[in-house]
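*Asks:*
There are 2 protein chains.
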Amino acid sequence: MHTQHGTFQTPVFMPVGTQATVKAVTPENLIEMNAQIILGNTYHLYIRPGHELIKQFGGLHEFMHWDRPILTDSGGFQIFSLKELAKITERGATFRSHLDGSKLFLGPEEAVQIQEALGSDIMMCLDTCIPYPATRDETIKATDLTSRWARRCREAQTDTGQLLFGIVQGGMFPDLRQEHALALIDIGFDGYAIGGLSVGEDKSLMQEMTEAVIPHLPVEYPRYLMGVGTPEDLVEGVYRGVDMFDCVMPTRNARNGTLFTSTGKITIKNARFRDDKAPLDANCSCYTCRNYSRAYLRHLFQCREILSYHLNTIHNLHYYLNLMAEMRAAIERDQFSAFRNDFYGRLACE
Amino acid sequence: MHTQHGTFQTPVFMPVGTQATVKAVTPENLIEMNAQIILGNTYHLYIRPGHELIKQFGGLHEFMHWDRPILTDSGGFQIFSLKELAKITERGATFRSHLDGSKLFLGPEEAVQIQEALGSDIMMCLDTCIPYPATRDETIKATDLTSRWARRCREAQTDTGQLLFGIVQGGMFPDLRQEHALALIDIGFDGYAIGGLSVGEDKSLMQEMTEAVIPHLPVEYPRYLMGVGTPEDLVEGVYRGVDMFDCVMPTRNARNGTLFTSTGKITIKNARFRDDKAPLDANCSCYTCRNYSRAYLRHLFQCREILSYHLNTIHNLHYYLNLMAEMRAAIERDQFSAFRNDFYGRLACE
Chain A
356 MHTQHGTFQT
366 PVFMPVGTQA
376 TVKAVTPENL
386 IEMNAQIILG
396 NTYHLYIRPG
406 HELIKQFGGL
416 HEFMHWDRPI
426 LTDSGGFQIF
436 SLKELAKITE
446 RGATFRSHLD
456 GSKLFLGPEE
466 AVQIQEALGS
476 DIMMCLDTCI
486 PYPATRDETI
496 KATDLTSRWA
506 RRCREAQTDT
516 GQLLFGIVQG
526 GMFPDLRQEH
536 ALALIDIGFD
546 GYAIGGLSVG
556 EDKSLMQEMT
566 EAVIPHLPVE
576 YPRYLMGVGT
586 PEDLVEGVYR
596 GVDMFDCVMP
606 TRNARNGTLF
616 TSTGKITIKN
626 ARFRDDKAPL
636 DANCSCYTCR
646 NYSRAYLRHL
656 FQCREILSYH
666 LNTIHNLHYY
676 LNLMAEMRAA
686 IERDQFSAFR
696 NDFYGRLACE
Chain B
356 MHTQHGTFQT
366 PVFMPVGTQA
376 TVKAVTPENL
386 IEMNAQIILG
396 NTYHLYIRPG
406 HELIKQFGGL
416 HEFMHWDRPI
426 LTDSGGFQIF
436 SLKELAKITE
446 RGATFRSHLD
456 GSKLFLGPEE
466 AVQIQEALGS
476 DIMMCLDTCI
486 PYPATRDETI
496 KATDLTSRWA
506 RRCREAQTDT
516 GQLLFGIVQG
526 GMFPDLRQEH
536 ALALIDIGFD
546 GYAIGGLSVG
556 EDKSLMQEMT
566 EAVIPHLPVE
576 YPRYLMGVGT
586 PEDLVEGVYR
596 GVDMFDCVMP
606 TRNARNGTLF
616 TSTGKITIKN
626 ARFRDDKAPL
636 DANCSCYTCR
646 NYSRAYLRHL
656 FQCREILSYH
666 LNTIHNLHYY
676 LNLMAEMRAA
686 IERDQFSAFR
696 NDFYGRLACE
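Residue numbers (my numbering), protein chains in the order written: chain A, 356 to 705; chain B, 356 to 705.
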């Protein structure tokens, strides 16, 4: 897909860069592991250091020293996750900063304006977050509001050359999901996301909802499953036609010492790694696996050394990005099903 | 100076790698900034992960992925810094682990044995730490014990090809310092350190003690001022003939957001850097200064991002290592005095 800052190839995983940085790694580390696009969190950047400041620096790319594509979320998800509940009206969301408690407002127009100031390549519409579980009536209400906000986002866009994606809601009701997809297509966006999943529902329900939406999204536009997920979720998402993913899991798990390998997850603090000379994953070509033993990584983690977070994050992100590259190659060879079987076969070995 | 893992050129600054890592940077980062040799803390490695484990891995170089020279301290300084005082006898020091309270013993023979297991290039003799202030009698007693321990260290060495440095004590008494230097030379070491300074005394007293010792140390052996210091201390040390330094200051200050520049120190959290587009130091060629603004570094520090510690550490270590390289070049041009004047002139500009 083409953006202002270059192209990226789908299916793609976007490392999350909350505070104008993907935690614990440099842009050069991300480039070495072939990260094609990252995600910036609008809420966090709006609160600190502020979108106007970032605009003064020529945008988020320049500010954080990253010249490949960036997708920004709308800020909605973080606002709805705040401890003190946001107040939602037709106009938008009123909420309090988690930093200093100041009262703030974010409507569809503001979400676009902030993302235009950040200068991301792909902006996301402001959507409402539907709690799980929710009744059909609640879901219809919130989804309809999301449609009206989506239209207002599209209308608020100015001529910056940035792309804008719509977000399909509809809760856990397949017919509402389909209906909403069509409503968004009617407005017309540069890509379509599936929102409101991975919110506590069963995996099977998440997959059912994905299946309900995907066939109704136009194939010539990217399809983005937001906030997902585990390696298995990525494989299942791609299997169902998803093109884009983002998740904090690889970076957050890395900092907690949970590391992904081709044969399953490792808890690095485990005593059995005390004198283990092997790399994290014998099949991995990342900087960490090329140069360090499990025993050394365990030692760094036990000491809470900053280098532990750095090396673990490099490995986990490399694992995710490599998984996407493998899926891309399998699709090109028209052997995705075989790849999917292999993937589960390797996991079962552990 | 030649060691098993290559040579290093003096005067040299050794970044401190407490836990088998120089905090917040990779070995490749250290190589990019031309670090020639690093220091490992024997006490910390002895406590965790243990010298025997590191020996199993072929030594500290292999374990931490660093193939340039390493100097290890004896562990004495950390033991004497423990909250619960170590008990010193002729045989050595009995102390409790700061991690689990277990009772441990370190004598001269053990200090050598542990450092041989670590496989460092340069080992340090176990010395006693003289409190400041101390009476002449206390100082004589502790210094004499240090001499006897130094001889036992030399005798305990096996045929590993590692170098062993003696440590000159003598407190704040110039004649005792001189006397002790001669006593150590009489035993014969591969290099000589000045210990027991930077312990709370005035700068002028530290310089006086350095001046008291240096002329008595053989010029063909490296002279090492332990645990020192500020950039000014390094310049004054080199001016007085010191060849080697180590200090946690550049790395610790980096993590606290205090950054060294050619015109003085910067506190990066200061509000005046909020929208400052300039690099930390316009005269610096480090990775951080080449790619990031003060405003971005302030933002990362405010967010307590791990990348903040990484980028700040790269800059501060680069500053220290570059200062040493400049002094080396000035000495080679026979213009050290001019360099020293310039150095203070630049600082005065701020």
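For glycine and all other residues, C-beta sits at the position ideal for the given N, C-alpha and C. Note that the coordinates shown come from a computational prediction; the quantities given were computed from them, not determined experimentally.
Can the beta-carbon of A/A505 be found less than 7 Å from the beta-carbon of A/C480?
*Replies:* yes
*Asks:* Cβ closer than 7 Å: which chain A residues qualify as neighbours of B/E660?
*Replies:* Within 7 Å Cβ-Cβ: Q374, T376, K378.
*Asks:* Can a CB atom of chain B be found closer than 7 Å to the CB of A/F628?
*Replies:* no
*Asks:* Closer than 6 Å: is that where the CB of B/F544 sits relative to any heavy atom of the ligand COA?
*Replies:* The ligand content of the structure shown is nil, which means the ligand COA is not present either.
*Asks:* Suppose contacts are defined by Cβ-Cβ distances below 7 Å. Is A/Y642 in contact with A/A379 by that definition?
*Replies:* no
*Asks:* How about B/A685 and B/F694: do their beta carbons lie closer than 7 Å?
*Replies:* yes
*Asks:* Using the beta-carbon count (16 or more within 10 Å), is B/G543 buried or exposed?
*Replies:* exposed
*Asks:* Just to confirm the assignment, what range does the alpha helix (DSSP H) spanning A/F694 have?
*Replies:* 691-704
*Asks:* Identify which residue in A/K620, A/T668, A/G521 has its Cα closest to the Cα of A/D545.
*Replies:* Comparing Cα positions, the closest option is A/G521.
*Asks:* Less than 7 Å between the beta carbons of B/M527 and B/G550, yes or no?
*Replies:* no
*Asks:* From A/A448, A/F698, A/G456, pick the residue whose C-alpha is nearest to that of A/T501; which is it?
*Replies:* Closest option to A/T501, Cα to Cα, is A/A448.
*Asks:* Quick check on the DSSP output: the alpha helix (DSSP H) that includes A/M604 runs from which residue to which?
*Replies:* Per DSSP, the continuous alpha helix (DSSP H) segment holding A/M604 begins and ends at 604-610.
*Asks:* Please classify A/M682: does DSSP put it in a helix, a strand, or coil?
*Replies:* helix
*Asks:* Is it true that the segment 675-683 of chain A meets the segment 651-665 of chain A, where meeting means three or more beta-carbon pairs spaced less than 8 Å apart?
*Replies:* no
*Asks:* When you compare only the Cα positions, how much space is there between B/Q359 and B/V467?
*Replies:* 17 Å
*Asks:* By Cβ distance below 7 Å, which residues in the same chain neighbour B/Y398 in space, the five residues on each side in sequence not counted?
*Replies:* G430, Q433, I434
*Asks:* Using DSSP with H/G/I as helix, E/B as strand and the rest coil, what is A/R595?
*Replies:* coil
*Asks:* Residues of chain B with a CB under 8 Å from the CB of A/H673: which are they?
*Replies:* Chain B residues near A/H673: none, gap ~15 Å exceeds 8 Å.
*Asks:* Under 8 Å: do the segment 384-399 of chain B and the segment 614-634 of chain A share three or more Cβ pairs, one atom per stretch?
*Replies:* When C-beta atoms of the segment 384-399 of chain B are compared with those of the segment 614-634 of chain A, fewer than three pairs fall below 8 Å, so the two segments do not count as touching.
*Asks:* Return the residue from the list B/G584, B/G555, B/D557, B/Y594 that minimises the CA-CA distance to B/I569.
*Replies:* That would be B/Y594, whose Cα lies nearest to the Cα of B/I569.
*Asks:* A/V380 lies in the beta strand (DSSP E); which residues open and close that run?
*Replies:* Note, A/V380: premise wrong, no beta strand (DSSP E); not H, not E.
*Asks:* With a cut-off of 8 Å on the beta carbons, I'd call B/M604 and B/T585 a contact; round off their distance for me.
*Replies:* 7 Å
*Asks:* Does DSSP put B/R578 in a helix, in a strand, or in coil?
*Replies:* strand
*Asks:* My output table needs one value for B/F450: the three-state DSSP class, helix, strand or coil.
*Replies:* strand
*Asks:* With B/R578 and B/V597 assumed to form a contact (beta carbons below 8 Å), what rounded beta-carbon distance in angstroms separates them?
*Replies:* Between B/V597 and B/R578 the Cβ distance is about 6 Å, and since that is below 8 Å, they are a contact.
*Asks:* Please give the ranges of any alpha helix (DSSP H) in the segment 402-464 of chain A, keeping only runs that are unbroken, at least 4 residues long and fully inside the region.
*Replies:* 406-411, 415-419, 431-435
*Asks:* Should B/R451 and B/K458 be called a contact, given that it needs their Cβ atoms to be closer than 7 Å?
*Replies:* yes
*Asks:* Using three-state DSSP, classify A/T622 as helix, strand or coil.
*Replies:* strand
*Asks:* Taking 7 Å as the CB-CB limit, is B/H360 close to chain A?
*Replies:* no
*Asks:* Counting only runs that start and end within the segment 533-573 of chain A, where is the beta strand (DSSP E) found for 3 or more residues in a row?
*Replies:* Fully enclosed beta strand (DSSP E) runs of 3 or longer: 546-549.
*Asks:* Please compile the residues from chain A whose C-beta is within a distance smaller than 9 Å of the C-beta of B/N412.
*Replies:* Reading off the sequence, residue 412 of chain B comes out as Phe, not Asn. Those are D630, K632, S648, A650, Y651, listed as they occur along chain A.
*Asks:* Just mark A/Y674 as buried or exposed, buried being the case when its beta carbon has 16 or more other beta carbons within 10 Å.
*Replies:* buried
*Asks:* With a threshold of 7 Å between beta carbons, is B/L408 in contact with chain A?
*Replies:* yes
*Asks:* Shorter than 7 Å from the beta carbon of A/H416 to some beta carbon of chain B?
*Replies:* no
*Asks:* Under three-state DSSP, which class holds B/D482?
*Replies:* coil
*Asks:* Below 7 Å CB to CB, which residues in the same chain sit around B/L560 once its five sequence neighbours on both sides are set aside?
*Replies:* M527
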